[in-house]
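Before any comments, here is the structure.
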Amino acid sequence: MAKAAAKASARRRHQTRGAAGFFERTLARYRNLTTQALLDFVPDNGPPYLYDLIPAYPRRLGKGLRAALCFATCDALGGTERQALNSAVAIELLHNAFLIHDDVQDESLRRRGGPTLHSEHGIGIAVNVGNGTNLLALERLLANRDILGPELSWEVMLETEWMMRHSLEGQAIELGWIRDNADDLDAKDYLQMCLKKTSWYSFIYPLRVGALIARSARLDADQFCRLGWYFGAAFQIQDDILNLTGQYAKYGKEIRGDLWEGKRTLMLVHLLNECSPKERREIKRFLAKPRSDRNKTEISWLYGLMKRCGSIEYARRSARQLAGAALMEALTAFREVPDSDSKRFILEMILYVVRRDR
Numbered sequence: 126m127a128k129a130a131a132k133a134s135a136r137r138r139h140q141t142r143g144a145a146g147f148f149e150r151t152l153a154r155y156r157n158l159t160t161q162a163l164l165d166f167v168p169d170n171g172p173p174y175l176y177d178l179i180p181a182y183p184r185r186l187g188k189g190l191r192a193a194l195c196f197a198t199c200d201a202l203g204g205t206e207r208q209a210l211n212s213a214v215a216i217e218l219l220h221n222a223f224l225i226h227d228d229v230q231d232e233s234l235r236r237r238g239g240p241t242l243h244s245e246h247g248i249g250i251a252v253n254v255g256n257g258t259n260l261l262a263l264e265r266l267l268a269n270r271d272i273l274g275p276e277l278s279w280e281v282m283l284e285t286e287w288m289m290r291h292s293l294e295g296q297a298i299e300l301g302w303i304r305d306n307a308d309d310l311d312a313k314d315y316l317q318m319c320l321k322k323t324s325w326y327s328f329i330y331p332l333r334v335g336a337l338i339a340r341s342a343r344l345d346a347d348q349f350c351r352l353g354w355y356f357g358a359a360f361q362i363q364d365d366i367l368n369l370t371g372q373y374a375k376y377g378k379e380i381r382g383d384l385w386e387g388k389r390t391l392m393l394v395h396l397l398n399e400c401s402p403k404e405r406r407e408i409k410r411f412l413a414k415p416r417s418d419r420n421k422t423e424i425s426w427l428y429g430l431m432k433r434c435g436s437i438e439y440a441r442r443s444a445r446q447l448a449g450a451a452l453m454e455a456l457t458a459f460r461e462v463p464d465s466d467s468k469r470f471i472l473e474m475i476l477y478v479v480r481r482d483r
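Each number in our numbering corresponds to the 1-based position in the sequence shown with 125 added.
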């Protein structure tokens, strides 16, 4: 019996490694396709400190999940990579523009293993490069007319406008919490912010654009919204956990940067609701300080409180529960879709977002 159990365990490990290998290979193929098309599209002439800096973040090779999700959804539903390419590149450009502007707003120092654009070249140049990146994304979306036709291209543009509105409102909510030193939030508030800031542009938008292209704009108003919401919230919570507990060599961003920035992550929201009244007052005093006045001792103290109050474990459980809900939604949404590598990739991405270490 012991030998049989050992063989079964080895078989499960082999299957797990095989599944991970499939996902990583497929993700790398989509990422390479997107990155090469993006870099080929950036103008090679113009004034300094604009087009020459737009490739800075893309060349550092992020995960590429958003463009990959657009490709995979389109393919799973009967479309082609050629049809989805412009939109996938636009999604990656929009994502990099968000990162550039987000780093400025958060005063972040590191991104994908290198200095943030504004810390290396100044805020003015970084903001302009972010705007230029958005311009190139718009040009890619306009180029859809030659492949998708005017009506379908317009539907993709409308999805983009809808996504941008939600994303900007989500960013405003988060920045407002920091500015007003909000300490009366709960998990519901956090998840609503996640829906707007993360879920919409990272998951709902790529899913819906990929499906629109494959199905020639035949989508219900709320199709993929709930799936993308759960998907995005699980991703964001895991990202926030890694910000606290990850290794810089893998994570590529400033470890515990969210604490330095005073971000209202799910862990901080949980802590504020679980700690003592005295600790709550001390946390609020810490959060009232500008980033430049905070120190490592305070960061270590706040991190220790989170561990003691179980805030990190609470967030881990929440991420797993949300990923489970997303998986159930995906199985329902793709129930009538024939099995394929693209469909498998989408389902495995949901598990990846809560198991990843970077």
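Note that the Cβ used here is the ideal one computed from N, Cα and C, for glycine as well.
Give the straight-line distance between the Cα atoms of residue i and residue j, rounded to the nearest whole angstrom.
i, j, result
"P331", "L164", "20 Å"
"L178", "A358", "31 Å"
"R442", "C434", "14 Å"
"L393", "I366", "11 Å"
"V254", "K468", "35 Å"
"R485", "E206", "Residue 485 falls outside the range modelled here, since the chain spans only 126 to 483, and no answer is possible."
"S324", "G295", "10 Å"
"F459", "I471", "10 Å"
"P463", "L352", "19 Å"
"S233", "S278", "35 Å"
"S465", "C199", "12 Å"
"R481", "A162", "26 Å"
"R483", "N368", "9 Å"
"I329", "K321", "10 Å"
"Y315", "G189", "25 Å"
"I338", "A209", "7 Å"
"R479", "G301", "Contrary to the premise, residue 479 reads as Val rather than Arg in this sequence. So the alpha carbons of these two residues sit roughly 28 Å apart."
"S401", "A413", "18 Å"
Any idea what DSSP makes of residue i, helix, strand or coil?
i, result
"P463", "coil"
"R481", "coil"
"R406", "helix"
"R340", "coil"
"R445", "helix"
"P180", "coil"
"R236", "strand"
"T518", "Not covered by the structure: residue 518. The range shown for the chain is 126 to 483."
"N306", "coil"
"I471", "helix"
"P331", "helix"
"I225", "helix"
In terms of residues, what are the limits of the alpha helix (DSSP H) holding residue i?
i, result
"G429", "K421 to R433"
"C195", "L190 to A201"
"I362", "C350 to T370"
"L175", "That residue, L175, is in no alpha helix (DSSP H); it is neither H nor E in DSSP."
"K313", "A312 to C319"
"S244", "L242 to H246"
"V394", "L391 to E399"
How about residue i: is its C-beta nearer than 9 Å to some C-beta of chain B?
i, result
"D365", "The structure shown contains no chain B, having only a single protein chain."
> Just checking, does the segment 393-413 make contact with the segment 297-311 on the three C-beta pairs under 8 Å criterion?
Replying inline: Under the Cβ criterion (8 Å, minimum of three pairs), the segment 393-413 counts as touching the segment 297-311.
> Using 8 Å as the threshold, is the segment 449-465 in touch with the segment 415-425, meaning 3 or more CB pairs across them?
Replying inline: no
>> I'd like the ranges of any alpha helix (DSSP H) spanning at least 4 consecutive residues and lying wholly in the segment 263-296.
In response: 270-273
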